[in-house]
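Everything below concerns the one structure shown next.
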Amino acid sequence: MSSKVICTSCNVLILKTTYSSTNGFCIPCFQDRNNSKTPNEIKYILNNELSEAEKIFTLHLQKKWPSELGGTIFEELDDVVVGCAYHVFHCNPHKDIIDLKRYNSLKKAVNELEKLILSYSNYEKEFASSTLQLGKYFVNFLSNKV
Ligand SMILES: [Zn+2]
22 MSSKVICTSC NVLILKTTYS STNGFCIPCF QDRNNSKTPN EIKYILNNEL
72 SEAEKIFTLH LQKKWPSELG GTIFEELDDV VVGCAYHVFH CNPHKDIIDL
122 KRYNSLKKAV NELEKLILSY SNYEKEFASS TLQLGKYFVN FLSNKV
């Protein structure tokens with residue numbers, strides 16, 4: 022009886038299992054937000070098309086990452102680099118279902134970083150360029166999926 026909950030968007034009753042697979046939406050509302058794709062289709066895409074990005078991302082995390090996310094050089098970096106790294110981290114398509122708002126934030130951060138990257142010192146540039154590379158990859162990968 023209590024196994025049904027309401028869709029975050031249209032208030033229709035849905036199964037709890039649906040709710041958890043869509044991050045809170047009924048299937049039609051989920052598809053509205055995901056280029057008509059179902060949760061299983063999105064899952065399939067993420068598991069099969071993203072291994073390259075995932076590899077880069079893992080390397081990136083191991084190499085250098087803001088201290089709050091496991092690295093050590095956070096405080097020495099420019100805000101724009103940190104901002105972009107933050108959005109890249111939170112737009113990792115393996116971690117989350119990406120919504121349009123988050124995608125646009127990533128895109129904005131990537132554009133901003135691309136403009137500023139030439140002015141950085143070598144030390145900062147190294148982190149900034151791998152962040153930018155990954156950010157661009159995610160922007161491109163996600164462009165027709167949000
Ligand atoms: Zn709905």
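If you use this note's numbering, the sequence shown corresponds to residues 22 to 167, in order.
The beta-carbon is built from N, C-alpha and C at its ideal position, and this holds for glycine as well.
query	result
For Ile35, which beta-bridge partners are listed by DSSP?	Val26
So what's Phe95 in DSSP terms, helix, strand or just coil?	With a pLDDT of only 43 at Phe95, under the threshold of 50, the placement of this residue in the model should not be trusted; the figure read from the coordinates follows. In this structure, Phe95 counts as helix in the three-state DSSP scheme.
Name the residue from Pro60, Pro49, Ile63, Lys128 whose alpha carbon lies nearest to the alpha carbon of Asn161.	Lys128
Going by the C-beta, is Val102 closer than 7 angstroms to any heavy atom of ligand 1?	no
In this structure, does DSSP put Leu90 in helix, strand or coil?	Residue confidence is low: Leu90 scores 49 on pLDDT, short of 50, so the model does not pin down where it sits. Its coordinate-derived value is still stated next. DSSP places Leu90 in helix when its eight states are reduced to three.
With DSSP collapsed to three states, give me the class of Thr152.	helix
Looking at Ser164 and ligand 1, is the gap between the Cβ and the nearest heavy atom below 7 angstroms?	no
Which same chain residues, not among the five before or five after His108, have their C-beta less than 6 angstroms away from its C-beta?	Ser126, Leu127, Ala130
If you measure between the beta carbons of Gly45 and Cys105, is that distance less than 8 angstroms?	no
Can you give the beta carbon distance from Cys47 to Thr59, rounded, assuming they're within the 8 angstroms contact cut?	Between Thr59 and Cys47 the Cβ distance is about 12 angstroms, and since that is not below 8 angstroms, they are no contact.
Is Val26 close to ligand 1? I mean its beta-carbon at under 7 angstroms from any heavy atom of the ligand.	no
Can you tell me whether Cys31 is buried or exposed? The criterion is at least 16 other CB atoms within 10 Å of its CB, across all chains shown.	exposed
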